[in-house]
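What follows is a set of notes on a single structure, which appears directly below.
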Amino acid sequence: MTGYWKGSHCIKLKGKRMDGTSMLIRQCATSDWGSVCGLIKFDSKANNNFEDIDGCVETCESDGCNTATTPIYNIAIILSSVMFRIILAKN
19 MTGYWKGSHC IKLKGKRMDG TSMLIRQCAT SDWGSVCGLI KFDSKANNNF
69 EDIDGCVETC ESDGCNTATT PIYNIAIILS SVMFRIILAK N
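Using the working numbering, the first residue of the sequence shown is number 19, and each one after it goes up by one.
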C-alpha cells in the first residue's frame, strides 16, 4: 500500500481479528475505496494469505478527515473525580 504516487484519499480500516484483537490502519490511496462495514478479507503482508476482519473500511478525501478521536470528555471526568475526592477528604 505504500509507493511513490501522490495519495488523494485517506483510507481507514478499523476492526477485530477473529482472535479478538483490535486493529486500526490508516493509509493513503490514489482512488476512493468506498465505505463498507462487515467481514473484510485482509492481506496484511501482500502474500495472498488473507485473514477475516470484522470491521469497517472508510474512505475520505479532505485534509485530516480520518483523524483519531480525542477523548476530551475523559479528562473532564477525571478532573471532576479528583476534585470530588479532594472535597470529600476535607470534610
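C-beta: ideal position from N, C-alpha, C; glycine also.
Other residues of its chain near residue i: CB distance less than 8 Å, five sequence neighbours each side excluded
| i | result |
| --- | --- |
| Ser98 | none |
Residue i and residue j closer than 8 Å at C-beta
| i | j | result |
| --- | --- | --- |
| Cys28 | Cys78 | yes |
| Gly38 | Ile71 | no |
| Gly73 | Thr48 | no |
| Arg44 | Glu69 | no |
Beta-carbon proximity list for residue i, same chain, < 7 Å, skipping 5 on both sides
| i | result |
| --- | --- |
| Asn67 | Asp61 |
6 Å Cβ shell around residue i - same chain, five flanking residues per side excluded
| i | result |
| --- | --- |
| Glu76 | Lys30 and Ser53 |
| Ile104 | none |
Limits of the unbroken beta strand (DSSP E) element including residue i
| i | result |
| --- | --- |
| Thr77 | Glu69 to Cys78 |
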